[in-house]
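Asks:
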Amino acid sequence: MKITPVRGTHDFFGQQVIKYRTIQDLISHYSVIYNFEEIITPIFESTELFKKPLGENSDVVLKEMYTFKDKNEDFLTLRPEYTTPMIRSAISNNLLEKLPKKLYGIGPMFRRERPQKGRYRQFNQINFEILGTHDISADIDLIILANNFLKNLLPEKKINLFINSLGDKNTITNFSIALGNYFKQNKKKLTEESQSKIVLNPIRILDSKDPTDIEINLNAPQISDFYSNEAKEKFSNIQKILKDMSVDFSINMNLVRGLDYYCHTVFEFKTSDLGSQDTLIGGGRYDGLTKLLGGPDIPGVGWAGGIERLIMLMDDIKPLQKNIHLIIINESFKEYGLKVANQLRQKNISIHFDYKYNLKKSLSHANQLGARFAIIIGEEEVEKNLCTLKDLNKNIQEKKTIENIIKDLS
Ligand code: HAM
C-alpha cells in the first residue's frame, strides 16, 4: 500500500525547511523591533467564529472551510485564517484591557480551494494585528513593517504595493447597492460565477480575474464616490504619509479583499514572478470585528502573508555545514567513540557521526559534505585515551587529548 499526500497538502524538507526557519527568524526579529507579542491558538475553532465575520456569502465560508461535526454534535472548523482566532483568543484571555494590543502569530491555515502553483489546502501564514486604535499611524506602521520585511527577505524581487479604502460601513452598504444595480443591468455579459454573486455579494465580482468580467468592471461605479468626508480624509492622509516616507504604491479602486470584515484601508503586496497566485501579503482595517466576536467595540488593523509563496521566491540558502566528522575505524571502538561524541556535544560542538566504521568511506563522506575537520579513533587512540584531529583543508593531523580538542574547536 502506497499512501500519497492529501491533495493540496505538501511536505517541507531540505531547502524549504531552511527557508521556512529563515522567515520565522526574521519575523521574530521584526516582532521585537515593532513590539508585537506572539500568540499561538488551536488550529480548530467553533464554526460560528468564522461564518458571520468572514461573510456568509464569501467563497471561504461557502466553499472552502474544512468543517466537521464533533462526536458531541458541535460544528468545528480548521481555521481558514488567523485574524478571527487571534481576536477570539484576546477576548477569551482578557488581553484587551490595555490598548493597543499588538499580536502576531505564525502557523497553518486550511482552505479547500482548487490546488495550483502557490495555492494549497493547508498553507502557512504570518499574521500581524493591532487591536484598539483608529489612528492611521497603525495602518502605516503595518504597511511599512510588511514593506521592510519583504525588502529584507527578497531584496532582488520587484514587489508592488496596492492600496485602497473601503470607507466606513455606510460606504460599503451604498456602494454594494449601486454595484448590484449596475451588474443587474449588465448581467448577460458577466461570467456565470459572477452572475451568481450579483444579489448576495456584488463587491466580490470586482475580484474576478476573468477578462470578460474585468471589461464590465471597468465602467462599474467607483467606491470613492461613496466615501464620507472622514473616510476621504483618512485615505488621503495615508497616501500623503506613505509618499513622504518614500514608500512606492499604486491605488487600485478594485481592491476589495476576499473577506467581509474590512473597512477603510486595504492593501496587498504582489509579485509578477508567481503566476496567478501573486499576492504575498494582504490586509487592512476591520473596525467592527472585535465587537462582532463578542468583545469590546474596538477597531483593528492587520495583515497576513503566505509563507509558501515567500519560499517560492527565495534563493537557496547555504545550509550550515556538518563541519566535524567522527570517524571510528573499527566497530569494536564504538563505545569509546560514543563517549567522545557525547563529551564534545555537551560542550556544544556539533559532531557528525556516520556509523560507517570504515576510514576510507567516512573520509570520502566527510569530503562530500565539505567537512572542515575529522576526529579519527583507532586502536592506538583508544589505548592512550586520545583522538586524532585531522584538518581536512590543510591535510595535517595530530593526536590530542579530548580536553585539547575541545579547546581547539570551541
Ligand atoms: P488572505 O488574503 O485571505 O487574508 O490571505 C493572506 C495571504 O495568505 C495571501 O496573500 C496569500 O499569500 C496567503 N494565502 C491565502 N490563501 C492561500 C492558499 N490557499 N495557499 C497558499 N497561500 C495562501 C487573510 O487571511 C486575512 N486574515 C489577512 C488579515 C490579517 N487581514 C487583517 N489582518
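Residues 6 to 415 in the numbering used here are what the sequence shown lists, from first letter to last.
Yeah, the Cβ is synthetic: ideal placement off N, Cα and C, and Gly gets one too.
#1: Which residues in the same chain as K296 place their Cβ atom closer than 8 Å to its Cβ, once the five residues preceding and following it in sequence are excluded?
#2: Beta carbon of M319, beta carbon of K107: below 8 Å?
#3: Find out if the Cβ-Cβ distance for the pair Y71, R117 is shorter than 8 Å.
#4: When burial is assigned at 16 or more other CB atoms within 10 Å of the CB, is P47 buried or exposed?
#5: Does the pairing of the segment 162-170 with the segment 96-114 give three or more beta-carbon distances under 8 Å?
#6: Quick check: what's the CA-CA separation for I232 versus T178?
#7: Would you check if the segment 30-48 and the segment 81-91 touch, i.e. whether three or more CB-CB distances between them fall below 8 Å?
#8: Taking just the CA atoms, how far does E53 sit from I356?
#9: Return helix, strand or coil for R402, following the three-state DSSP convention.
#10: Alpha carbon to alpha carbon, how far is L294 from V252?
#11: Could you tell me which of Q190, S170, K389, D16 sits nearest to A236, measuring between CA atoms?
#12: With a threshold of 8 Å on Cβ separation, who are the neighbours of F80 within its own chain once the five nearest residues in sequence on each side are excluded?
#13: DSSP on A376, reduced to helix/strand/coil?
#14: In the DSSP assignment, find the unbroken alpha helix (DSSP H) run with H34 in it and report its ends.
#15: What does DSSP give as the partner residues of P113 in its beta bridges?
#16: What do you reckon, is the C-beta of L285 under 7 Å from a heavy atom of the ligand HAM?
#17: Check whether the Cβ atoms of D111 and I96 sit closer than 8 Å, and answer yes or no.
#18: Would you call the segment 335-343 in contact with the segment 353-367, where contact means no fewer than 3 C-beta pairs closer than 8 Å?
#19: Considering only the beta carbon of each residue, do L264 and G13 sit closer than 8 Å?
#20: Considering only the beta carbon of each residue, do Y291 and G305 sit closer than 8 Å?
#21: How many angstroms separate the CA atom of E198 from the CA atom of K103?
#22: Three-state secondary structure (DSSP) at I256?
#23: Under a three-way DSSP split, which group does N165 fall into?
#24: F272 to I38, Cα distance in whole Å?
#25: Compute the Euclidean distance between the alpha carbons of L4 and L147, then round it to the nearest angstrom.
#26: If you drop the 5 nearest sequence neighbours on each side, which residues of the same chain put their C-beta closer than 6 Å to that of A371?
#27: Tell me whether Y494 counts as near the ligand HAM, meaning its Cβ is closer than 7 Å to at least one heavy atom of that ligand.
#28: Measuring only the C-alpha atoms, how far is I168 from K395?
#29: Do you know whose CA, among G288, G300, E408, P324, lies nearest N347's CA?
#30: Label P85 either buried or exposed according to how many other C-beta atoms from any shown protein chain fall within 10 Å of its C-beta, with 16 as the threshold for buried.
#31: Could you tell me which residues DSSP pairs with E50 in its beta bridges?
#32: For I203, collect the residues of the same chain with a Cβ closer than 8 Å to its Cβ; drop the 5 residues on either side in sequence, then sort them by chain order.
#33: For D388 versus K404, is the C-beta spacing smaller than 8 Å?
#34: Going by CA-CA distance only, name the one from Q127, L150, L205, S213 that's closest to I286.
Replies: From the atom records:
#1: Taken in chain order, the residues that qualify are D302, I303.
#2: For M319 and K107, no; Cβs fall outside 8 Å.
#3: A contact, by the Cβ cut-off of 8 Å.
#4: Classification of P47: exposed, given that the 10 Å Cβ count is below 16.
#5: As far as the Cβ criterion goes, the segment 162-170 does not touch the segment 96-114, which means the pair count is below three.
#6: At residue 232 the sequence reads Tyr, which differs from the Ile that was named. Rounded to the nearest angstrom, the two C-alpha atoms are 11 Å apart.
#7: Look at the beta carbons and you see the segment 81-91 touching the segment 30-48: at least three pairs across the two are nearer than 8 Å.
#8: Cα-Cα distance, rounded: 51 Å.
#9: For clarity, residue 402 is Gln in the given sequence; the question names Arg instead. For Q402, the three-state secondary structure derived from DSSP is strand.
#10: Distance between the alpha carbons of L294 and V252: 28 Å.
#11: For the options Q190, S170, K389, D16, the alpha carbon positioned closest to that of A236 is the one of S170.
#12: Excluding residues up to 5 positions away in sequence, S51, T52, E53, T72, F73, K74 lie with their Cβ nearer than 8 Å to the Cβ of F80 in the same chain.
#13: Residue state, collapsed to three classes: coil.
#14: Segment 20-38, the alpha helix (DSSP H) holding H34.
#15: Answer by DSSP bridge pairing, in chain order: N129.
#16: Answer for L285: yes, Cβ within range of the ligand HAM.
#17: The sequence given here places Ile at residue 111; Asp does not occur at that position. Between I111 and I96, the C-beta spacing is not below 8 Å.
#18: These segments touch.
#19: Not a contact, by the Cβ cut-off of 8 Å.
#20: Yes, the pair counts as a contact, with Cβ atoms nearer than the cut-off.
#21: C-alpha separation (whole angstroms): 45 Å.
#22: Collapsing the DSSP output to three states places I256 in a strand.
#23: Three-state DSSP puts N165 in a strand.
#24: Using only the alpha carbons, I get a separation of about 22 Å.
#25: Any question about residue 4 goes unanswered here, given that the chain covers just 6 to 415.
#26: So the qualifying residues of the chain are H330, A379.
#27: Outside the shown range of the chain (6 to 415) lies residue 494, about which nothing can therefore be said.
#28: Near 59 Å, if we compare the C-alpha coordinates of K395 and I168.
#29: Just measuring C-alpha positions, the residue of G288, G300, E408, P324 sitting nearest N347 is E408.
#30: The residue is buried, with at least 16 neighbouring Cβ atoms inside 10 Å.
#31: Answer is T82, bridged to E50.
#32: G185, F188, K189, K192, L195, I210.
#33: Inspection of the sequence shows that residue 388 is occupied by Glu rather than by Asp. No, the pair does not count as a contact, with Cβ atoms beyond the cut-off.
#34: With distances taken between Cα atoms, I286 lies closest to L150.
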